[in-house]
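**Q**
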Amino acid sequence: MSASVIAQYVMNGAMLGMMYALVAVGFTLFFGVLDIIQFSHGDVVAAGAFAGLAAWTLLTAAGVAAPAVLLLAVVLSAIAVTALLGAVVARFIVLPVKGAPQLNVLLVTLMAGTVLRECLRLFYPGGSQPKLFPALLPTSGWDIGGFHLRFDNVILLVSGALLIAGTHLIITRSRLGLAIRAVAQDEETARTMGIDFRRVVLVTFALGSALAAFAGVIDGLYYNEVFFGMGLLLGVIGFAAAILGGLGNLYGAIVGGFLFAALQTIGAVALPFASAYKDVFAFGVVILLMAIRPTGLIGERASERV
Amino acid sequence: MRSRAIAALFTALVTAYAWLLLRAESQGAIAALILVGIAAGILAMRTQLLRPVARSLGSNERFAQGLAFAAVVVIALALRDDDFALLLLTRVLIVIVACLGLNVQFGYAGVVNFAGASFFGVGGYTAAVLASSARLPHLLVLLAGGVTAALAGTVLLLPILRTRGHYAALITIAFALLFRTFLEVNDALGGPQGLKLGEMRIGPLRFNDPISAGPFEGSFYLRYIAVALVLVALAFAVVQRLDRSWVGVALDTVRLDEIAAASFGMDIARWKIAAFTVGNFIIGVAGALSAFMIGFIAPNNYSFAESLIFVSILLLGGIGSAWGLSLATAIVILLPEKFQIIQEYRFLMFAALVVLTLLFRPVGLVPRPLRRLVGPPLS
């Protein structure tokens with residue numbers, strides 16, 4: 002195998018890893034503040050990608066052709082829609098069942114995700130078929146010894162990294178981040194210290210969902226296609242990545258995302274049948290990893306209190 | 021005596037309603053019937069009118085089961101030449117069996133399984149492969165469907181035992197997605213086109229010939245209904261015996277508090293394995309019969325969305341409640357098939373219904389009654 006082919010695989014893995022990491026960070030943030038898993042997170046991602054697509058369709062219909070404007074509109078509408086969706090899910094689906102058995106929380110978010118997914122399929126024009134996503138970034142690039150490094154991939158990777166870094170800054174440096182960390186550590190104490198618990202939860206859900214929206218847009222721009230069911234795959238793998246890195250751990254989620262992408266890429270290279278069985282392999286890895294390290298590689302946040 | 025009369029009257033009413041709904045053709049009539057049903061349901065809940073019925077059914081369990089059995093037979097005979105209505109009725113019975121299996125896992129032991137349709141599919145594909153390649157008696161093929169489903173479940177046992185709650189849910193979701201994509205890319209099992217099955221035979225009986233015995237003539241579906249009804253009766257018997265016995269108490273303990281169960285010396289892993297395997301076996305048998313009845317199976321029938329429909333049935337009926345899930349199955353299967361306008365929207369509708377149920381009435385339509393092992397039943 003030549004170096005250029007290897008570089009291509011590495012690039013592909015890096016893009017996948019960035020998407021998984023962005024989704025996984027959301028799972029980890031939600032788990033941090035509420036100790037729950039938001040199973041509709043993946044479908045919120047898909048909704049974000051479709052919101053971006055809708056913005057592009059509307060603007061091109063209105064005669065806007067400048068790629069920069071279109072790109073900005075796609076990203077902003079995706080982020081705005083998912084941030085809102087995330088907050089709505091938190092307010093009306095998750096918070097009302099906060100004290101209920103864990104199973105109910107799991108079911109209610111899973112079914113809410115199904116509602117979202119089915120809404121995309123049924124109500125987005127032509128939503129039951131895969132939709133073409135526009136290529137808005139320059140596809141030219143540098144040729145490095147036979148390997149074609151495309152500008153769009155670089156831009157997506159860098160902006161994804163910047164977003165994660167920005168989230169990290171918010172969590173560690175801002176007053177809001179302090180509030181989020183306080184709630185994650187001890188909800189009751191945080192409340193008595195005057196932190197508006199409900200607001201922190203809503204903002205965290207909006208933040209995590211907005212990050213995931215960017216993963217949805219990357220997915221659309223990279224594969225030039227979006228599909229109503231895409232959130233299921235991204236959600237399951239993102240969750241697995243978050244667990245792999247240890248739930249509640251921001252760095253763990255990022256590491257988990259890239260690790261999972263690496264496994265998937267190596268699997269695709271090493272196993273001859275893996276290309277046809279690409280998704281089968283990915284889900285198989287999820288199941289296997291859970292069997293081997295059910296609490297993640299980096300270790301769980303706290304042991305169960307009896 | 022009087023309480024038995026109440027139960028019989030109630031069953032007669034429900035039977036008549038089901039018969040009307042199954043044979044109704046025009047969408048207007050069906051819509052009217054559905055509205056009447058919803059109105060009756062709301063009225064019954066508001067006025068507590070069903071209290072005496074529930075009490076009499078609860079205190080005469082055997083009698084109630086006999087009534088339900090008779091009701092299905094009466095409906096099937098009344099509709100004997102209506103192929104579509106009988107197909108729907110059989111489908112309801114088969115899904116009841118599958119959901120009873122899922123109930124052992126979900127409702128009793130608390131082992132989450134979001135791959136119900138996948139195990140249903142394992143049963144179906146086993147039936148398709150065995151019926152075309154091996155000369156096994158078809159009743160054994162049904163059993164084999166259950167055994168393979170149980171075996172397929174053992175793949176998930178280790179990860180499920182090592183995890184709990186959300187993590188275990190993720191594993192079964194991953195399996196459901198894996199199973200469907202596997203079927204689609206695997207050419208040996210027909211790929212996306214699926215497989216065809218020949219007719220079912222038991223001894224000299226050929227299931228796809230129309231029935232005619234003297235003056236009596238009926239659709240060939242009557243035979244499938246008979247088999248499905250036997251399966252429902254068996255599954256009901258197993259599940260209710262389980263529930264009544266110390267096994268049921270043990271499973272409840274495992275579900276409600278693993279730590280307490282463990283500190284009382286219970287082997288949690290063993291109970292979970294037992295419940296998961298028994299449940300998958302029942303689901304697999306139902307899947308095999310379903311494949312025979314439809315005569316054709318494809319990956320689309322076993323998607324994650326279908327698994328969620330099974331879970332919706334459990335939750336709408338009232339988790340752990342065998343009667344509740346039977347009622348919910350009838351609603352969830354019949355409604356979209358009869359009322360065609362909502363067919364396309366069924367996943368959306370039932371998912372939304374489950375969300376509402378969980379938010380406002382988490383116990384479901386017919387809550388699971390408290391078990392009373394000694395003395396008269398609770399009213």
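Chains X and R are the protein sequences, given in the same order. Letter 294 of the first sequence, counting from 1, is numbered 295 in our numbering, and no numbers are missing. Letter 159 of the second sequence, counting from 1, is numbered 179 in our numbering, and no numbers are missing. Every residue, glycine too, gets a C-beta built ideally from N, C-alpha and C.
Per DSSP, what kind of secondary structure is Ser239/R in: helix, strand or coil?
**A** Of the three classes helix, strand and coil, the one that applies to Ser239/R here is coil, per DSSP.
**Q** What residues in the region 268-288 of chain X have a beta carbon less than 8 Å from any beta carbon of chain R?
**A** Residues Ala277, Tyr278, Asp280, Val281, Phe284, Gly285, Val287 and Ile288.
**Q** Under 7 Å, Cβ to Cβ, is there at least one residue of chain R near Leu107/X?
**A** Closer than 7 Å to some Cβ of chain R, the Cβ of Leu107/X qualifies, so yes.
**Q** By the criterion of Cβ-Cβ separation under 7 Å, what are the contact partners of Ala292/X in chain R?
**A** Correct list: Leu178, Pro179 and Arg182.
**Q** Tell me whether Ser310/X is buried or exposed, calling it buried when 16 or more other Cβ atoms sit within 10 Å of its Cβ.
**A** This structure leaves residue 310/X out entirely; chain X is present only between 2 and 307.
**Q** Between the Cα of Gly384/R and those of Val117/R, Pro235/R, Leu335/R and Pro179/R, spot the shortest distance and give me the residue it belongs to.
**A** Here the closest residue by C-alpha is Leu335/R.
**Q** For Phe284/R and chain X, any beta-carbon pair shorter than 7 Å?
**A** Not one chain X Cβ lies under 7 Å of Phe284/R.
**Q** Rounded to a whole number of angstroms, what is the C-alpha to C-alpha distance between Thr296/X and Pro102/X?
**A** Looking at the two C-alpha atoms, the distance is approximately 21 Å.
**Q** Return helix, strand or coil for Leu86/X, following the three-state DSSP convention.
**A** Reduced to three states, the DSSP call for Leu86/X is helix.
**Q** Closer than 7 Å by beta-carbon distance: list the chain X residues that pair up with Thr201/R, in chain order.
**A** Near Thr201/R (Cβ distances below 7 Å), the residues of chain X are Asp280 and Val281.
**Q** Does the beta carbon of Leu328/R come closer than 7 Å to any beta carbon on chain C?
**A** Considering every chain present, this structure includes no chain C. Its protein chains are X and R.
**Q** Find the residues of chain X that neighbour Val252/R, judging by a C-beta separation of less than 8 Å, and give them in chain order.
**A** Per Cβ cutoff of 8 Å: no residues; Val252/R is ~26 Å from chain X at best.
**Q** Give a yes or no on whether the minimum CB-CB distance between Glu226/X and chain R is below 7 Å.
**A** Judged by the 7 Å Cβ criterion, Glu226/X is not in contact with chain R.
**Q** Within 7 Å of any Cβ in chain R, is that where the Cβ of Leu189/X sits?
**A** For the sequence presented, residue 189/X should be read as Glu rather than Leu. Glu189/X does not count as touching chain R.
**Q** Starting from the C-beta of Leu150/R, find all residues in its chain whose C-beta is less than 7 Å away, skip the five residues before and the five after it, and write them out in chain order.
**A** Same-chain partners within the cutoff: Leu156, Val161 and Ala164.
**Q** If I follow the unbroken beta strand (DSSP E) through Phe148/X, where does it start and stop?
**A** Looking at the DSSP string, the run of the beta strand (DSSP E) that includes Phe148/X is Phe148 to Arg151.
**Q** Pull up the distance between the alpha-carbon of Gly239/X and that of Gly258/X, whole angstroms please.
**A** Cα-Cα distance, rounded: 7 Å.
**Q** Out of Gly57/R, Leu276/R, Phe236/R and Ile95/R, state which residue places its alpha-carbon closest to the alpha-carbon of Leu42/R.
**A** Nearest C-alpha to Leu42/R: Ile95/R.
**Q** Tell me, which residues are paired with Asp144/X by DSSP?
**A** According to DSSP, which records beta bridges pairwise, Asp144/X is partnered with His149/X.
**Q** Using the rule of at least 16 other Cβ atoms within 10 Å of the residue's Cβ for burial, across every protein chain shown, is Thr273/R buried or exposed?
**A** So Thr273/R ends up on the buried side.
**Q** Just to confirm the assignment, what range does the alpha helix (DSSP H) spanning Ile293/R have?
**A** Element bounds for Ile293/R: Ile288 to Ile314.
**Q** Ends of the alpha helix (DSSP H) at Ser5/R?
**A** Residue 5/R lies beyond the range of chain R shown here (21 to 399); nothing can be said about it.
**Q** Measuring alpha carbon to alpha carbon, tell me which of Ala135/R, Pro389/R, Ala25/R and Phe227/R ends up nearest Val247/R.
**A** If we check each option's Cα against that of Val247/R, Phe227/R comes out closest.
**Q** So, is Gln265/X buried or exposed, given that buried needs 16 or more other C-beta atoms within 10 angstroms?
**A** Classification of Gln265/X: buried, given that the 10 Å Cβ count is 16 or more.
**Q** Quick check on the burial criterion: 16 or more other C-beta atoms within 10 angstroms. Buried or exposed for Ile303/R?
**A** By the 10 Å Cβ count, Ile303/R comes out buried.
**Q** Among Lys358/R, Pro387/R, Arg381/R and Leu77/R, which has the Cα closest to the Cα of Leu53/R?
**A** Selected option, being the one with the closest Cα: Lys358/R.
**Q** Do Ile37/X and Val106/X have their C-beta atoms closer together than 7 Å?
**A** Going by C-beta atoms, Ile37/X is nearer than 7 Å to Val106/X.
**Q** Measuring alpha carbon to alpha carbon, tell me which of Gly33/X, Ala25/X, Leu133/X and Phe51/X ends up nearest His42/X.
**A** Measuring from the Cα of His42/X, the nearest candidate turns out to be Ala25/X.
**Q** Can the beta-carbon of Ala196/R be found less than 7 Å from the beta-carbon of Phe312/R?
**A** Cβ atoms of Ala196/R and Phe312/R: not closer than 7 Å.
**Q** Determine the chain X residues that contact Tyr187/R at a beta-carbon separation under 7 Å, and present them in chain order.
**A** Those within 7 Å of Tyr187/R in chain X are Ile244, Met291 and Pro295.
**Q** Within 10 angstroms of the Cβ of Asp103/R, are there 16 or more other Cβ atoms? Answer buried if so, exposed if not.
**A** Under this definition Asp103/R is an exposed residue.
**Q** Mind checking whether Met20/X and Ile219/X have CB atoms under 7 Å apart?
**A** In contact: Met20/X and Ile219/X (Cβ atoms closer than 7 Å).
**Q** Using a threshold of 7 Å, state whether the C-beta atoms of Gly114/X and Asp44/X are closer than that.
**A** Yes, Cβ-Cβ distance for Gly114/X and Asp44/X is below 7 Å.
**Q** Any C-beta of chain R sitting closer than 7 Å to the C-beta of Pro131/X?
**A** So no, Pro131/X is outside the interface.
**Q** For the region 284-299 of chain R and the region 167-186 of chain R, state whether three or more C-beta atom pairs, one from each stretch, are separated by less than 8 Å.
**A** Enough Cβ pairs lie closer than 8 Å, so yes.
**Q** Which of the three DSSP states is assigned to Ala101/X in this structure?
**A** Three-state result, Ala101/X: coil.
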